[in-house]
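Numbering (the working numbering), first residue to last: -5 to 215.
Built from N, CA and C at the ideal position, the CB exists for glycine as well.
One structure below.
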């Protein structure tokens, strides 16, 4: 079958997408602007996948979320803004170095009461939640942390999520390096293996969303 010619480079398409997205919440915009001059600002989640996932949370009427990897709390803020007043986001990180930057923005947006920040290795926090009887009670999980532990977080997330809940895994492209088989660096290899595992996993219905560095969206069957 002959396909119509496609126009525009990937960069041009990204620019077009970015220029046709709804405005960010004012506080989210302020946090992004602050981080533009920060030496580590480049690792902040892109607004496109965050908005896609925020829309999913609203569509699913999600109330209970888990985030693995908080950084400055930009995505935590997005989830908290997308759930009801009695909802909660369990935000897992190992340090307050960057979360302290974001906490005033949570307060300014009026959602700090929804965000339960837990400073400890995420695998320990998640296991404590499982051991505490919280399996099958969460609606959504977002993973954007140390890539070598992604598979652990994915397995723990499947325990914590209810049927129909969603795990969203960020950076599933690893800047395109997952497609280069000769790249066997630990983070890339781990991500590539998890991508292959999820494709065959009967416990989920999953699709990669081609925004930013790729987001693997997995619905628990």
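Strictly by DSSP, which residues pair up with residue i?
| i | result |
| --- | --- |
| residue 87 | 113 |
| residue 162 | 136, 211 |
At which residues does the beta strand (DSSP E) containing residue i begin and terminate?
| i | result |
| --- | --- |
| residue 131 | Element bounds for residue 131: n/a, residue is neither H nor E. |
| residue 201 | 198 to 203 |
So, at 8 Å on beta carbons, what are the nonlocal neighbours of residue i in its own chain, with the 5 sequence-adjacent residues on each side left out?
| i | result |
| --- | --- |
| residue 81 | 56, 57, 58, 59, 74, 108 |
| residue 216 | Outside the shown range of the chain, which is -5 to 215, sits residue 216, and nothing can be said about it. |
| residue 51 | 59, 73, 76, 77, 133, 134 |
| residue 114 | 86, 88 |
| residue 17 | 23 |
| residue 35 | 29 |
| residue 128 | 154 |
| residue 228 | Missing from the structure shown is residue 228; the chain here goes from -5 to 215 and no further. |
Starting from residue i, trace the alpha helix (DSSP H) both ways and give me its first and last residue.
| i | result |
| --- | --- |
| residue 22 | 20 to 29 |
| residue 7 | 4 to 12 |
| residue 153 | 144 to 154 |
| residue 189 | 180 to 194 |
| residue 98 | 93 to 102 |
Thinking C-alpha only, which one of the options is nearest residue i?
| i | options | result |
| --- | --- | --- |
| residue 152 | 13, 131, 178, 164 | 131 |
| residue 15 | 42, 36, 101, 183 | 42 |
| residue 195 | 149, 104, 0 | 149 |
| residue 26 | 95, 184, 178, 120 | 95 |
| residue 24 | 71, 115, 209, 123 | 71 |
| residue 120 | 63, 187, 182, 175 | 63 |
| residue 159 | 86, 53, 90 | 53 |
| residue 83 | 67, 207, 98 | 67 |
| residue 207 | 175, 20, 4, 110 | 4 |
| residue 44 | 61, 28, 31, 30 | 61 |
| residue 29 | 143, 99, 111 | 99 |
| residue 8 | 40, 165, 210, 102 | 40 |
| residue 111 | 141, 142, 97 | 97 |
| residue 106 | 127, 21, 35, 185 | 21 |
| residue 126 | 188, 154, 198 | 154 |
| residue 19 | 187, 33, 138, 103 | 103 |
| residue 187 | 200, 144, 211, 199 | 144 |
Please return the same chain residues whose Cβ sits closer than 6 Å to the Cβ of residue i, not counting the five positions on each side in sequence.
| i | result |
| --- | --- |
| residue 146 | 117 |
| residue 47 | 162 |
| residue 209 | 43, 162, 164, 203 |
| residue 141 | 181, 184, 185 |
Going by beta carbon distance, what residues of the same chain come within less than 7 Å of residue i, once the five residues before and after it are set aside?
| i | result |
| --- | --- |
| residue 65 | 37, 38, 92 |
| residue 197 | 152, 214, 215 |
| residue 90 | 113 |
State yes or no: is the beta carbon of residue i nearer than 8 Å to at least one beta carbon in chain B?
| i | result |
| --- | --- |
| residue 204 | Looking at the structure shown, chain B is missing, and only one protein chain is on hand. |
Note to self: If we require 3 or more residues per run, which beta strand (DSSP E) segments fall completely within the region 48 to 82?
What the structure shows: 58 to 62
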